[in-house]
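Have a look at the structure below before the remarks.
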Amino acid sequence: MKHSFSKNKSIPKFFQRYEERINFALRKEYEKLHGNIYDTHKYYMGWTDENGKKINAIGGKRLRPNLVLLGAEAADGDIELAIPFAVAIELIHNFSLIHDDIEDMDELRHHRATLWKLWGIPGAIISGNAMLKIADLATNKKIKINEKIKLEASHILSSRYLTMMEGQFLDIDFESKLEITIDEYLDMIQRKTGALIEASLHIGAIVGQKNLSMNDQKIESIKIIGKEFGKIFQIKDDMLGIWGDEKTGKPVGADIIKKKKSLPILHAINYAKGSNKKQIKNLFIKKRNLHNEEIKIILRIMEELRTSEYCENLLNSTWENCYQEIISSNINEKIKLELIELGKFLLTRNV
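Going by this note's numbering, the final residue of the sequence shown carries number 1835, and the count climbs one at a time with no gaps.
Next up, the structure:
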């Protein structure tokens, strides 16, 4: 079954329902934290500029904390019980981005200077580590959650965080390799990106419950949906990294410049033949970023191989699996529609 979502690019409406709660809870974590290291966090979250002046910069979409609260509602739970974990997951995500910016030597994120660019690499590493510990503190407070449920949610969070680290290490390891299969790549993104997205819905579903035996089938469906959302998010991200738009901060060929082993690039490497294969290999062994003419060569080869169509088909088939899980689950109809709305957004987003 094909779903026509090409015109739906707006942020899901349920984000607005949770926005105030999430932002209030995130800021509250820093209410009593003062000092230079926390100033770096406030900058990264978009609350201040590099001089500490209060602003309201456009930050991330807060996808993961929104998923935590939606997961709680999907399992008919109490979203207030899920808020500490929503905060923790958003902080863990931002910690990973701070370190990711260093690994990729990216100087901008959301059109603002990255932490390492302003405070240096050692400072950014320490800042990221501190943010991770604040995430731990967020879930260690006295909250009205069944102790067994809290323990289970904390275990899932730690486990998925570790899986994310495994994926990040694999991603770095792939940089020195040329022959990587699509299956190896999909395993890597399921770890690096998918683990925390899956955990967001799953943990939300668990922590809103009164006991662990409630809604087992529903919670399993929510977990599967989260896993598929993780795949969709990264496949789309990879497509934007090749066929992006300068206006959205993802110029055409952005990932080719850095020879990033994303899905479209691996498709080209794996399926190119003859002189095309040789050209790609010669370009990717260069010890520098690629220039415009070299980018055009890769884009031409991708066009010949119909790489864009391959990625689009994989994206749609992944969504089909997710969609079927949503409609066949025993989640209430209102939340089903919101999960579908989120799917539309993830499929068609341009940032």
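Every residue, glycine too, gets a C-beta built ideally from N, C-alpha and C.
Check                                                                                                         : Outcome
C-beta contact flag for L1547 and M1529 at 8 Å                                                                : no
C-alpha gap between N1550 and N1760, whole angstroms                                                          : 44 Å
Sequence-distant residues of the same chain with beta carbon closer than 7 Å to K1780, five excluded per side : none
Alpha-carbon spacing of A1608 relative to K1765, whole angstroms                                              : 34 Å
Sequence-distant residues of the same chain with beta carbon closer than 6 Å to H1525, five excluded per side : M1615
Three-state secondary structure assigned by DSSP to A1559                                                     : coil
Candidates I1681, L1774 and L1747, of which the one nearest L1826 by Cα                                       : I1681
Option nearest Q1462 by Cα separation, candidates I1824, I1690 and Y1645                                      : Here the chain covers residues 1485 to 1835 and nothing more, so residue 1462 does not appear.
Pairwise C-alpha distance: L1554 and E1504                                                                    : 14 Å
Where R1689 sits in the DSSP three-state scheme                                                               : Note on residue identity: the sequence assigns Ala, not Arg, to residue 1689. In this structure, A1689 counts as helix in the three-state DSSP scheme.
Rounded separation between N1816 and H1595 - CA only                                                          : 39 Å
Candidates F1569, K1742 and K1626, of which the one nearest S1660 by Cα                                       : K1742
Inter-residue spacing [alpha-carbon to alpha-carbon] between T1598 and Y1522                                  : 15 Å
Buried or exposed (CB count within 10 angstroms, at least 16 for buried), K1538                               : exposed
When H1751, Q1808 and W1803 are compared against L1783, the one with the closest alpha-carbon                 : H1751
Through-space distance from I1687 to L1830, alpha-carbon basis                                                : 20 Å
Alpha carbon of N1754 to alpha carbon of M1786, nearest angstrom                                              : 11 Å
Of the listed residues H1583, K1626, E1574 and K1744, nearest to I1618 (C-alpha basis)                        : E1574
Exposed unless 16 or more other CB atoms sit within 10 angstroms - verdict on F1653                           : exposed
Residue of T1623, E1534 and S1611 minimising C-alpha distance to E1513                                        : T1623
Reduced DSSP secondary structure (H/G/I, E/B, other) of L1592                                                 : strand
Through-space distance from D1657 to L1565, alpha-carbon basis                                                : 39 Å
Within 8 Å, strictly: CB atoms of I1810 and I1716                                                             : no
Selected residue, minimal CA-CA separation from S1684, among S1813, N1834, R1833 and E1557                    : E1557
Distance, I1824 Cα to E1712 Cα                                                                                : 12 Å
Reference A1570, options T1647, L1581, V1552 and G1714, closest by Cα                                         : V1552
Which residues DSSP lists as bridging T1532, in chain order                                                   : K1538
Short Cβ contact (8 Å threshold) for T1647 with A1689                                                         : no
Sequence-distant residues of the same chain with beta carbon closer than 8 Å to I1495, five excluded per side : K1545 and F1829
A1559 and I1664 closer than 8 Å at C-beta                                                                     : no
With 16 other Cβ atoms within 10 Å as the buried cut-off, status of N1578                                     : buried
D1590 versus S1801 - alpha carbon distance                                                                    : 32 Å
CB contact flag (I1563, G1692, <8 Å)                                                                          : yes
Rounded straight-line distance, which links the Cα of N1776 to that of D1620                                  : 44 Å
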